[in-house]
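Working notes, structure below.
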Amino acid sequence: MAGAIVAIFLALAAIAAARIIQLPEESREKRPLIGILTQPGDGDDRSYINRLEPGDPRRSNISYIAASYVKFVEAGGARAVPLLYNEPWETLAKKFSLINGILFAGGSASLQDGPYYRASEFLFKRALEANDKGDYFPVFGTCLGLELLAVIVSGNHSILDDYNAHKAAGELNFVGDWAKGRSMFTWFPKDILDKVEHEKLAMQNHVKGLSPQTWRDTQSLRDFFDVLTTTPDLNGKIYISTIEGRKYPVTSVQWHPEKNAFEWGYEGIPHSPDAVRITQSAASFFVSEALKSSHTASWEEEEQLLIYNYSPIYSGRDGKGHFDQSYVFW
């Protein structure tokens, strides 16, 4: 009798395992993958780069992703896929076909014509082409990501102005009540929408930005984006802080929703419950957009793509670096 029970148990376990391994196709569509483009450097104040010999080619090939962006997409219910900016375009194109959205992260990469800029432009234009063909594909830019998209859309590498918005939180001033009902902000609880206009809950950390006057004077930017919010820097100079595509599912912010919950290196980062709700709301919005994408990776492709194949380093130890943790790619 005991042997029969064991046999039945093993049979049921085998059936359950088979179901886990061979999920129906509709289940594959609920596993969103977000590509995050790496940036040149190590995210660790050059600590890793300086360990290499002067002639080591890895010194110029190293790139990183701040782990807070990985946690950000995970907070919304997705998983991250590293897109190495110096990979062959054929590789980036293949990855693009398997992911459900792209995040252009904040950082300090040069926006002049170079490998990082060209990889960004390649991926962004591919996203626009996909949407033009009815292949829904969202893009989210943060801080440098907004600046990057402004440069790409305008075709002007000198379009950005100087700002003093370093290591300090700011408010988000909606350009009109209508802006609160657009894209990402529809995911914000009403009380948070009210608070972000009067409380410093949006982390800012940048020295460049897009001015409202420049946006008004640039036809390509006006045609492509709607401005949703503006924010004063530490000197009261106004910059555009949230934009969305008029035709395409492109959302970009000059502030840092990911830092509120996942970065602790700067005293100015807000970590209140309200601030963390901003992180959660922004992440949920972006992943909800990614769920509209029909791109699907096989189990084998997914396993090879995921950032889980890499381990983060403690790049914020002893106060160095700009991020608590980073993923470094050699």
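Under mature numbering (1 follows the signal peptide of the UniProt record, and there is no 0), residues -18 to -1, 1 to 312 are what the sequence shown spells out, in order. Every residue gets a Cβ at the ideal spot worked out from N, C-alpha and C, and that includes glycine. Note that the structure is a prediction, hence the values are computed from the model and not measured.
Around the CB of Q195, fewer than 16 other CB atoms lie within 10 Å, so the residue is classed as exposed. M185 and N242 do touch by the CB rule: their CB atoms are close to 6 Å apart, below 8 Å.
The C-alpha of D176 is placed about 42 Å away from the C-alpha of S29. Across the structure, P70 and R100 are spaced so that their CA atoms are roughly 11 Å apart. Secondary structure of Y221 (DSSP, three-state): strand.
The alpha helix (DSSP H) runs lying completely inside the stretch 28 to 83 and spanning 4 residues or more are 40 to 43, 49 to 57 and 71 to 78, given in chain order.
In terms of CA proximity to I222, L126 leads the group F86, R299 and L126. When Q262, I295 and G247 are compared, the shortest CA-CA separation from G301 is found for G247. Every beta strand (DSSP E) stretch that sits fully inside the stretch 226 to 283 and reaches 3 residues is listed by chain position as 232 to 235. Between V63 and I81, the gap from beta carbon to beta carbon is short of 7 Å. Taking a 10 Å sphere around the C-beta of P36, we find fewer than 16 other C-beta atoms and assign the residue as exposed. Going by C-alpha positions, T261 is about 26 Å away from Y67. Taking the Cα positions, S263 is about 13 Å away from K162. One Cα belongs to D173, the other to V232, and the distance between them is close to 25 Å. Counting the other CB atoms within 10 Å of its CB gives Y51 a total of 16 or more, which places it among the buried residues. Considering only R40, K115 and H304, the residue with the shortest C-alpha distance to N187 is H304.
Between the alpha carbons of L19 and S102 lies a distance of about 8 Å. Contact annotation: the stretch 146 to 159 touches the stretch 250 to 257, with at least three C-beta pairs closer than 8 Å.
With a threshold of 16 other beta carbon atoms within 10 Å, L216 falls short and is exposed.
In this structure, the CA atom of E179 is about 42 Å from the CA atom of S42. Around S308, the same chain offers D24, G25, D26, Y46, I47, A48, A49, P294, I295 and S297 as residues with beta carbons nearer than 8 Å, after the five sequence neighbours per side are excluded. Burial state of K12 is exposed, judged by a 10 Å Cβ sphere holding fewer than 16 other Cβ atoms.
With respect to L110, G123 sits apart: the two C-beta atoms are not nearer than 7 Å.
Within the model, the alpha-carbon separation for T278 versus G88 is close to 27 Å.
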